[in-house]
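Written below as structure tokens is the structure these notes are about.
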Amino acid sequence: MDLYGNFISRAGLFTSKYFSFAPTKMEIENGYLIFGHRGMPFVDPSFLPDRFGIFFLGEVVPEKVIEINSAEVYPYFKYYGEEYVPQIVAQDFANFGLDLAETDYVLPPKIKLTVLDFSEIYKKYNFKLGDRIVASISDWDAGLINIAPFVRRGKNPFEQSSVDRKREQWEESFEKALSFSLEEFGPCSSIEEQLAFAFLSDIDKFSVPHCSSFQEVIEKSNKFEFTLYGVETRLWFKNKEIPAMSSQMISFPDDEIQNDAKKDNKIVNIFNKYNLIIPSWIIDAFIYDALFNKETDLNKILEKIIPDLIVLEKEEYNAVMLHLEKKHAIIRKEYNWFADFHYAEIRHEALNLFTKLFYLFYEIEYQKIDITKLDQQHLIVLSQLSAHISTILSSLMPNDEITEKELETLKSSMEGMFYSFEESSKVIKENLLEFQKQTFGKNLKIGDCDNYE
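Read in this note's numbering, the sequence shown has 414 at position 428, and its numbers run on one by one without any break.
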């Protein structure tokens, strides 16, 4: 959705739009380019940096593998969030077999990295520090990017050209747009999303051949800083606290909420009546879980998506069950137990955590508590867990391609997520109990969030 309430896809917004960046001294001297976070927010955020296809004059830019000190890698990936850099680098094809569990989930001193071989480009255009690469997305879904050099031709490198002045004006405008993004939307689900809102404010103005980059703006500005938000890194105003959470932030991502249910007004009305936010692929995941475990009682799925605090009327119960039965019948026709085997265990664990989070969020909603009175740090952690678990579940469908290494990474992540949930939910439940005491003993139920095994 754009700033005026109109829906627009990422692909529609960013395809064919210009962005640029300046190779570093290290890259120019060594004849390569580390793509890292430089495509943000134009590229598909689900792509790993070494999975893009980069083209120059219609030809694929070759890749090569280098060995590099891990400390030198972080600056090229830091806008993913420093906490995610080890996972991203470990999933580079060059690091097949690297087990982060053996290094306590930090990168070893030296690692391998897939980079773009820019030696011929640097040589052909006599690249110097300050020269740039201008890029544009040719196919967003496939991750295909065209690049072109943008080099200074003036005799005096210290003389400011008209293009330099335009780039400075671009940077001033983008600094304002990023400030607007922070003020208007608060801390987004990631730094990448925060940047997307900044570009969205005036994409045509920011997508020009003489553009600068978000990284240069942020690093030149004295307005912004990286700050810890829950267990993740965010961009925020320097020396200012991030404001308390809003109630909209304690729910699950709604990109595809009730996608199937939109065809059925009864289901939409029921979900709206009880303020249930359930993405359609979450229900699909429960059905896949039931099919894998040869479970035929769909009431057990109903129990996971309808919290104990809700008592459906008979007509509502029948409508939801019919909806589940229809979806179950459709999925069962195409279901392959053997193809689902690799996904089933971790999906079951992910659904376990989803249910715990879902029930706890609903209890907070049910009690109509002012969430600013809840522990903000732990509430933020739970909100971030909900986003992660949704991403995991959406990637664990039988028809999706996921490697064994990626599955192992997810399993390791799940262990940490369960630990974070137990720690943070304990504090929030204590907050809720205290709230219950302050309401003069009203019969408010603190539900059991551990009923999914």
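Ideal Cβ positions, reconstructed from N, Cα and C, are used throughout, including at glycine.
Fair warning: this is a prediction, and the values are worked out from it, not measured in the lab.
Selection from Glu408, Phe166 and Gly44 that minimises the alpha carbon distance to Ala134: Here residue 134 is taken as the residue at index 148 of the sequence shown, counted from 1. The shortest C-alpha separation from Ala134 is found at Gly44.
When the Cα of Ser105 is compared with those of Phe42, Leu365, Glu349 and Ala57, which residue comes out closest? Reading the sequence shown from its first residue, position 119 is the one you call residue 105. Ranked by Cα distance from Ser105, the options Phe42, Leu365, Glu349 and Ala57 are led by Phe42.
So, at 6 Å on beta carbons, what are the nonlocal neighbours of Asp241 in its own chain, with the 5 sequence-adjacent residues on each side left out? Here residue 241 is taken as the residue at index 255 of the sequence shown, counted from 1. Unreliable positioning characterises Asp241 in this predicted model, as indicated by a pLDDT of 45, which lies under 50. A coordinate reading is not provided.
Quickly, what does DSSP pair Asn251 with across the bridge? List them, please. Translated into the one-based positions of the sequence shown, residue 251 becomes position 265. None; Asn251 has no bridge partner.
Secondary structure at Lys280, three-state DSSP: helix, strand or coil? Working through the sequence shown from its first residue, we reach residue 280 at position 294. In this structure, Lys280 counts as coil in the three-state DSSP scheme.
Could you check which residue in Trp156, Asn279, Ile119 and Ile107 has the C-alpha nearest to that of Lys206? Residue 206 sits at position 220 when you count from the first residue of the sequence shown. Ranking Trp156, Asn279, Ile119 and Ile107 by CA distance to the CA of Lys206 puts Trp156 first.
What does a CB cutoff of less than 8 Å around Val71 pick up in its chain, not counting 5 residues either side in sequence? The count along the sequence shown starts at 1 and reaches residue 71 at position 85. Same-chain partners within the cutoff: Val59, Tyr60, Phe63, Lys64 and Leu93.
Asp442: first and last residue of the uninterrupted beta strand (DSSP E) it sits in: Coverage of the chain is limited to positions -13 through 439, which leaves residue 442 absent and any answer about it impossible.
Taking the alpha carbon of Ala315 as the reference point, which residue from Glu351, Arg138, His328 and Leu284 has its own alpha carbon closest? If you number the sequence shown from 1, residue 315 lands on position 329. The option with the nearest alpha carbon to Ala315 is Leu284.
When you compare each of Ala336, Lys359 and Ser369 to Phe421 by their alpha carbons, which one comes out closest? Here residue 421 refers to the residue found at position 435 of the sequence shown. Here the closest residue by C-alpha is Lys359.
Nearest to Lys11 by alpha carbon, out of Thr89, Leu115 and Pro35? The sequence position of residue 11 within the sequence shown is 25, counting from 1. Nearest of Thr89, Leu115 and Pro35 to Lys11, Cα basis: Leu115.
Cβ-Cβ distance between Leu371 and Phe344 below 8 Å: Taking the sequence shown and counting its residues from 1, one reaches residue 371 at position 385. Taking the sequence shown and counting its residues from 1, one reaches residue 344 at position 358. No; because the gap between Cβ atoms is not below 8 Å, this pair is not in contact.
Gly55 (DSSP reduced to helix, strand or coil): Locating residue 55 in the sequence shown gives position 69, where the first residue counts as 1. Looking at the sequence itself, residue 55 is Asn, so the reference to Gly does not match. Asn55 falls in the strand class under three-state DSSP.
Report buried or exposed for Gly402, applying the criterion of at least 16 other Cβ atoms within 10 angstroms of its Cβ. The residue labelled residue 402 in the question sits at position 416 within the sequence shown. Exposed: under 16 other Cβ atoms inside 10 Å.
Taking only runs of the beta strand (DSSP E) that begin and end inside the region 183 to 217, which ones reach a length of at least 3 residues, in chain order? Within the region 183 to 217, the runs of beta strand (DSSP E) at least 3 residues long that lie entirely inside it are, in chain order, 210 to 215.
Would the region 328 to 337 count as touching the region 268 to 280 if we require 3 or more Cβ pairs under 8 Å? Three or more beta-carbon pairs drawn from the region 328 to 337 and the region 268 to 280 are found closer than 8 Å, and the two stretches are therefore classed as touching.
DSSP three-state label for Pro27, please. Here residue 27 corresponds to residue number 41 of the sequence shown, with the count starting at 1. Judged by DSSP in its simplified three-state form, Pro27 adopts coil rather than helix or strand.
DSSP puts Tyr260 in a beta bridge; with which residues? For this step, residue 260 is matched to residue 274 along the sequence shown. Beta-bridge partners assigned by DSSP to Tyr260: none are found.
Assuming Phe7 contacts Ile123 under a Cβ cut-off of 8 Å, what Cβ separation, rounded to an integer in Å, is found between them? The sequence position of residue 7 within the sequence shown is 21, counting from 1. The sequence position of residue 123 within the sequence shown is 137, counting from 1. Rounded, the Cβ-Cβ distance is 14 Å, inconsistent with contact.
Along the chain, which unbroken stretches of the alpha helix (DSSP H) at least 4 residues long are found entirely within the region -6 to 28? With a minimum length of 4 residues, the continuous alpha helix (DSSP H) runs that stay inside the region -6 to 28 are -4 to 0 and 11 to 16.
Tell me, please, which residues DSSP counts as bridged to Arg220. Here residue 220 refers to the residue found at position 234 of the sequence shown. Paired residues: Thr213.
For Gly39, three-class secondary structure by DSSP: In the sequence shown, residue 39 corresponds to position 53, counting from 1. Gly39: strand per DSSP, three-state reduction.
Compute the Euclidean distance between the alpha carbons of Ser398 and Glu169, then round it to the nearest angstrom. Counting from one through the sequence shown, the residue named residue 398 turns up at place 412. Counting from one through the sequence shown, the residue named residue 169 turns up at place 183. A straight-line Cα-Cα distance of about 35 Å links Ser398 and Glu169.
Is DSSP giving Val92 helix, strand or coil here? If you number the sequence shown from 1, residue 92 lands on position 106. Here Val92 sits in coil by DSSP.
Relative to the alpha-carbon of Ile228, which residue among Arg(-4), Thr282 and Gln362 has its alpha-carbon at the smallest distance? What you label residue 228 is simply residue 242 of the sequence shown in a count that begins at 1. Ranking the options by Cα distance to Ile228, first place goes to Gln362.
Cα-Cα, which of Phe212, Tyr274 and Glu299 is closest to Lys252? Translated into the one-based positions of the sequence shown, residue 252 becomes position 266. Of all alpha-carbon atoms in Phe212, Tyr274 and Glu299, the one lying nearest the alpha-carbon of Lys252 is that of Glu299.
Given this structure, state the Cα-to-Cα distance separating Ile355 from Lys342, to the nearest angstrom. The count along the sequence shown starts at 1 and reaches residue 355 at position 369. The count along the sequence shown starts at 1 and reaches residue 342 at position 356. If I take the Cα positions, the gap works out to 19 Å.
Rounded distance between the beta-carbons of Thr219 and Glu69, thought under 8 Å: In the sequence shown, residue 69 corresponds to position 83, counting from 1. In the sequence shown, residue 219 corresponds to position 233, counting from 1. For Glu69 against Thr219, the beta-carbon gap comes to about 6 Å, under 8 Å, which counts as contact.
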